[in-house]
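Here the protein sequences come in this chain order: Y and L. No gaps in the numbering here: position 3 of the first sequence is 3 in this note's numbering, and each next residue is one more. No gaps in the numbering here: position 74 of the second sequence is 74 in this note's numbering, and each next residue is one more. Here a beta-carbon is modelled for each residue, glycine too, at the ideal position from N, C-alpha and C.
There are 2 protein chains.
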Amino acid sequence: MKLITRDTDYAVRALIFLAQEQKRIISTSELVSHLRIPRPFLRKILQRLNKEKLLKSYKGMGGGFRLTVYPHRIFLLDLIEIFQGPLRINECIFRKRVCPNIKTCKLKEKIDSIQRYVRSKLKDITLEMLLKRE
Amino acid sequence: MKLITRDTDYAVRALIFLAQEQKRIISTSELVSHLRIPRPFLRKILQRLNKEKLLKSYKGMGGGFRLTVYPHRIFLLDLIEIFQGPLRINECIFRKRVCPNIKTCKLKEKIDSIQRYVRSKLKDITLEMLLKRE
DNA sequence: ATAAATGATACTATATTAGTATCATTTGTC
DNA sequence: GACAAATGATACTAATATAGTATCATTTAT
């Protein structure tokens with residue numbers, strides 16, 4: 001059971017690199033040569049981050065991507081949800097027959113609370129915390 | 001992102017039914033007629049629970065399964081791990097290039113703590129809590 | 001004009017999850 | 001002992017999600 005899939009992982013690495021290069025425009029080629037991520041896959045990821053407005057893209061020669069959001073305002077939770085969809089851990093189990101009174105079920109409360117916790121903790125983790133320092 | 005997959009879910013439902021029938025021996029057929037789970041899939045699940053010693057099986061005519069563990073000693077976490085493997089959320093992201101000093105990384109600490117929390121909370125949830133009451 | 005970049009989008013491959021099928025073995029009942 | 005009703009073991013298929021590729025159009029600095 002993975003909480004973080006490959007594309008989220010790659011996205012994080014790419015964002016770290018971009019953050020460390022400040023506002024410089026970095027091309028996919030440059031990223032590929034530094035991080036070891038398959039080029040077309042990385043391209044797809046960067047395009048997505050662009051659509052989500054975390055990056056701004058520049059077309060044409062000398063083009064590439066640039067971070068548009070401060071690293072302390074980029075949250076791991078958001079990246080996870082961009083690439084993996086909404087974080088839900090309380091789906092399946094609560095169906096008709098299992099849980100007699102779904103509204104008041106203690107179990108549902110517990111699971112909901114786990115989910116809230118996980119979400120809030122993942123929200124605490126920012127890109128900034130991942131940057132190399134000293 | 002699902003925390004609980006179909007087989008875990010089915011296992012829970014089957015266990016609930018078995019727990020409610022006390023120590024009576026219940027066949028797959030009876031379970032199938034009460035829960036709506038595809039028979040061969042359910043059989044696979046019951047066999048697994050048997051191997052894990054949560055159930056005891058009885059072969060031959062009149063045979064079936066019986067719960068061998070008290071519902072308050074069956075934990076959701078264990079069921080999840082039986083069917084889905086170890087619960088790990090801190091795999092992927094911490095590889096060579098991303099995290100400069102993996103030993104001391106604050107982020108790893110955070111994720112580890114999330115994992116500990118999730119595990120301990122899932123460990124708090126017992127089968128007993130899922131049984132119908134009043 | 002051209003080369004070097006991204007945009008859009010469709011496709012393929014691999015892994016995981018979900019479910020099926022089959023045959024062997026055990027056991028209660030007549 | 002024969003038979004039917006059960007599980008044991010195991011291999012197979014189907015569907016879905018994840019991972020990765022390919023292609024062509026468009027933009028833009030030189």
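Annotation: TYR70 of chain Y is outside any beta strand (DSSP E) and is labelled neither H nor E by DSSP.
Annotation for LEU131 of chain L: ILE16, ALA19, GLN20, PRO71 place their beta carbon closer than 7 Å to its own, counting only its chain and skipping 5 residues before and after.
Closer than 7 Å to the CB of LYS121 of chain Y there is at least one CB belonging to chain L.
Shown here for ILE25 of chain Y: same chain residues with a beta carbon closer than 6 Å to its own, the five before and five after excluded, namely TYR58, GLY64, ARG66 in chain order. The alpha-carbon separation between GLN115 of chain L and LYS44 of chain Y amounts to approximately 30 Å. Interface annotation, LYS110 of chain L: in contact with chain Y, CB-CB separation under 7 Å.
If you draw a 10 Å sphere on the C-beta of ARG13 of chain Y, you find 16 or more other C-beta atoms in it, and that means buried. In the structure shown, ILE45 of chain Y falls within a helical segment according to DSSP collapsed to helix, strand and coil.
Per DSSP, SER27 of chain Y is not a residue of any beta strand (DSSP E), being assigned neither H nor E. Taking a Cβ-Cβ cut-off of 8 Å, ILE74 of chain Y has no neighbours in chain L, whose nearest Cβ is about 13 Å from it. In this structure, the straight-line span from the alpha carbon of SER29 of chain Y to that of GLY85 of chain L is close to 38 Å. Partner residues in a beta bridge of SER120 of chain L, as assigned by DSSP, do not exist. Below the 7 Å Cβ cutoff, chain Y contributes LEU107, LYS110 as neighbours of ILE125 of chain L, in chain order.
Judged by DSSP in its simplified three-state form, LYS53 of chain Y adopts coil rather than helix or strand.
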